[in-house]
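Note that our numbering has the sequence shown beginning at 1130, numbered continuously upward.
Here a beta-carbon is modelled for each residue, glycine too, at the ideal position from N, C-alpha and C.
Computed from a predicted structure; not experimentally measured.
To start, the structure itself, in structure tokens.
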Amino acid sequence: MSKAVSLESLIDNLKDMLSFGKKSFIGIDIGLSSIKIAQVQKKKNGNFKLTKFSSCLIPEGALIEDEVHNEEDILDALRDALEEVGVDNCECCIGLSGPNTFARRLQLAGGTEEEINDQVMWEAEQYIPFDIDEAVLSHHVFGQNEGGGMDVLVVAAKKQIIDTFRELVEKVKIKVKVIDLHSLAVINVFDLISSKNLKKDCSYIVMDIGAQKTSLIIFRNRRIIFVKEMEIGGLMVTEEIQRQMGVNYSEAEDLKTNVDDNGNLPEEVVDIIDEVLDSIFSEVKKTIDFYLTSSSDESLSACYVTGGCTLLPGLIEGIEALLGMEVKILNVFDGIEYDKKNIDEDDLENIAYRGVAALGLAMRDLSL
Ligand SMILES: Nc1ncnc2c1ncn2[C@@H]1O[C@H](COP(=O)(O)OP(=O)(O)OP(=O)(O)O)[C@@H](O)[C@H]1O
Ligand SMILES: [Mg+2]
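Given below as structure tokens:
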């Protein structure tokens, strides 16, 4: 037995030595508050293992929506995060989000591949909020739906936004090999770790509540049913603390996140959080109400949340009350292993809450 194992690892080592041409692959998630980098490995049994992770804060205002306002600040953060994971000369997948991206499930008549392509172009042109001539378009056929039509997911991004982020990342000598949407990266992880716990014909809400945006996806029978990006997140609280308490961005971030010895935040901060939570809840409600009226879906069963803003006191309980269903934290470590050599126990919470998109992007390594 032990002989077989050692022979196997010898062969593995040899393979590594011989594959000197192969570059490593990372997922890079550029969020408003920080850059996250993840590297994963697919094991022989098909499971994924997080081998490396790092995150680096981005100073205030460097990235707003999908516009780069201070390139040097972002590049510095990117270099620091790369240095921490210790990879260079590698390839990556980046995630895009914001008003210059698009994702929607379409129900098409179906037919041959060519007919589906035509239907996608025709339908997409009506829905994409920017000129189709300026867009890069892709689609994925899920298969037949209950009505006999074809379920297709159409995704698009403006060429200009793809170029901006590709050029940005290539300035630090990382080759962009795959481009994905942030929301799809999140749902890839969700599908991987939760599919065995999900019930057939039940719909699930998945939300990544970050600093400037919240991706909301409705998932049913392993298909994306609905995607919406909302302009809500932790930044709303930070800005309100800045305004009401007369402090700067980083002071407000500290006031929001640093609890006292008893685990409490200052009363004034709690009041501001409660105020802002009301607007966050009302946006979520608007989106869910829109989905329910347009789909007549009666099978919404549970909600899974991730993202740094999920740590705000009262957020989970509030969403639970709002939706009248259980809200669970999407914990990547429920289904993804991690390398104890490279990943510190103390960092697990940060990765679980804020690293889901980076992990999903890293999983897009086509050679895995
Ligand atoms: N302990 C905490 N309590 C409350 N809020 C927190 C805590 N830790 C982080 N946050 C907030 O979470 C947000 C950052 O989360 P996350 O890293 O998911 O966002 P991001 O990916 O940078 O932003 P986005 O995806 O919106 O561009 C910030 O607004 C930050 O203040
Ligand atoms: Mg994010």
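At which residues does the alpha helix (DSSP H) containing residue i begin and terminate?
i: His1311; result: 1311-1323
i: Val1398; result: 1396-1424
Who are the Cβ neighbours of residue i in its own chain at under 8 Å, not counting the five residues just before and after it?
i: Ile1465; result: Val1169, Asn1176, Phe1177, Lys1178, Leu1179, Val1318, Leu1321, Ile1322, Leu1488
i: Val1388; result: Leu1394
i: Asn1479; result: Ser1184
i: Thr1439; result: Ile1338, Ile1445, Ile1458, Tyr1482
i: Lys1071; result: This structure leaves residue 1071 out entirely; the chain is present only between 1130 and 1497.
i: Val1376; result: Ile1370, Leu1384
Counting only the same chain and skipping the five closest in sequence on each side, list residues whose C-beta sits under 7 Å from that of residue i.
i: Ile1401; result: Val1366, Glu1369, Ile1370, Gln1373
i: Ile1472; result: Leu1179, Phe1182
i: Leu1192; result: Ile1159, Leu1161, His1198, Ile1203
Is the beta carbon of residue i sitting closer than 8 Å to the one on residue j?
i: Ser1184; j: Ile1164; result: yes
i: Glu1252; j: Leu1266; result: no
i: Val1284; j: Leu1310; result: yes
i: Asp1426; j: Ser1332; result: yes
i: Ser1312; j: Ser1430; result: no
i: Ile1166; j: Ile1187; result: no
i: Gly1362; j: Phe1410; result: no
i: Leu1297; j: Glu1196; result: no
i: Gly1156; j: Leu1490; result: yes
What residue does the beta strand (DSSP E) around residue i start on, and which one ends it?
i: Val1461; result: Per DSSP, Val1461 belongs to no beta strand (DSSP E) and is neither H nor E.
i: Leu1204; result: No beta strand (DSSP E) contains Leu1204, which is instead part of the alpha helix (DSSP H) from 1200-1214.
i: Val1366; result: Careful: Val1366 lies outside any beta strand (DSSP E), inside the alpha helix (DSSP H) at 1363-1374.
i: Thr1180; result: 1177-1186
i: Asp1195; result: Note, Asp1195: premise wrong, no beta strand (DSSP E); not H, not E.
i: Ser1162; result: No beta strand (DSSP E) contains Ser1162, which DSSP labels as neither H nor E.
Which one or two residues does DSSP pair with residue i in a beta bridge?
i: Leu1225; result: Leu1310
i: Arg1349; result: Ser1332, Arg1352
i: Cys1432; result: Ile1334, Val1456
So what does DSSP say about residue i, is it helix, strand or coil?
i: Ala1286; result: strand
i: Glu1358; result: strand
i: Phe1259; result: coil
i: Ile1140; result: Residue placement at Ile1140 is flagged as unreliable, the pLDDT there being 48, under the threshold of 50; a coordinate-derived value is accordingly withheld.
i: Gly1277; result: coil
i: Leu1237; result: strand
i: Ala1340; result: coil
i: Glu1478; result: helix
i: Gly1484; result: coil
If I measure Cβ to Cβ from residue i and keep anything under 6 Å in the same chain, skipping five residues before and after, which residues do I get?
i: Ser1162; result: Ala1340
Give a yes or no on whether the minimum CB-CB distance between residue i and chain B is below 8 Å.
i: His1269; result: Structure shown: chain B not included; a single protein chain is present.
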